[in-house]
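A.B. asks: Let me begin by handing over the structure; questions about it come next.
2 protein chains.
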Amino acid sequence: MRNRMKVARVEKSLTQAQLGKKVSVTRQTISLIEKGEYNPTLKLCISIAKALDRTLDDLFWEE
Amino acid sequence: MRNRMKVARVEKSLTQAQLGKKVSVTRQTISLIEKGEYNPTLKLCISIAKALDRTLDDLFWEE
DNA sequence: ACTTATTGTAATTTATATATTACATAATTG
DNA sequence: CAATTATGTAATATATAAATTACAATAAGT
Numbered sequence: 002m003r004n005r006m007k008v009a010r011v012e013k014s015l016t017q018a019q020l021g022k023k024v025s026v027t028r029q030t031i032s033l034i035e036k037g038e039y040n041p042t043l044k045l046c047i048s049i050a051k052a053l054d055r056t057l058d059d060l061f062w063e064e
Numbered sequence: 002m003r004n005r006m007k008v009a010r011v012e013k014s015l016t017q018a019q020l021g022k023k024v025s026v027t028r029q030t031i032s033l034i035e036k037g038e039y040n041p042t043l044k045l046c047i048s049i050a051k052a053l054d055r056t057l058d059d060l061f062w063e064e
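The listed protein sequences derive, respectively, from chains A and B.
Sequence positions in the first sequence follow our numbering and run 2 to 64.
Sequence positions in the second sequence follow our numbering and run 2 to 64.
Given below as structure tokens:
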């Protein structure tokens, strides 16, 4: 989960703060989700996926 | 989200209580997620998807 | 119709996701 | 190098996910 979200964000040339603003959370929240230290809610995951033009599976599904 | 999770659960012939037990939450939590009245965490969504042999996108992604 | 299993749902409590404030340390860029 | 910009992270506070208890209602079986 961690790396793919970060890669997708960087591919869109967004900083953590910019992505946070797009999905209405703080940059700290984005940082911790990327590092795998937060367990985000489904709604937030969906918002992030849409903001990065990816699906849930693209960013958060493994195996 | 709501209908697809319910359909997948019924296809596996599981009651809400049985699915809840598999993923370590109460049947009420399953019920409310199916009805779209809960905003579950990513980890729970992943557990549910695995328990139902589906992916996140199968159950929770729209559009 | 009666009984039991399954689901809906409300009220309250508990656990945890997220915000806030703050400071530190990379990383960029001039 | 100096100065921003971006990121990591800790402590505390707040919002909300999920548990618990309880009761109602519907479905399904006998």
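Here a beta-carbon is modelled for each residue, glycine too, at the ideal position from N, C-alpha and C.
Within the chosen definition, does the segment 3-18 of chain B reach the segment 30-42 of chain A through at least 3 CB pairs nearer than 8 Å?
C.D. replies: no
A.B. asks: Closer than 7 Å, Cβ to any Cβ of chain B: which residues of the segment 41-63 of chain A, in chain order?
C.D. replies: Correct list: Pro41, Thr42, Leu43, Lys44, Cys46, Thr56, Leu57, Asp58, Phe61 and Trp62.
A.B. asks: Which whole-angstrom value describes the C-beta separation of Asp58/B and Thr56/A, a residue pair presumed to lie in contact below a C-beta threshold of 8 Å?
C.D. replies: 5 Å
A.B. asks: Between the alpha carbons of Leu20/B and Phe61/B, how many angstroms are there, rounded?
C.D. replies: 16 Å
A.B. asks: Cα separation between Met6/A and Ala52/B?
C.D. replies: Spanning the two alpha carbons is a distance of roughly 24 Å.
A.B. asks: So, under 8 Å CB-CB, Tyr39/B and Thr27/B are touching, yes? Tell me the CB distance rounded to an integer number of Å.
C.D. replies: With 8 Å as the limit, Tyr39/B and Thr27/B do not qualify as a contact, their Cβ atoms being about 11 Å apart.
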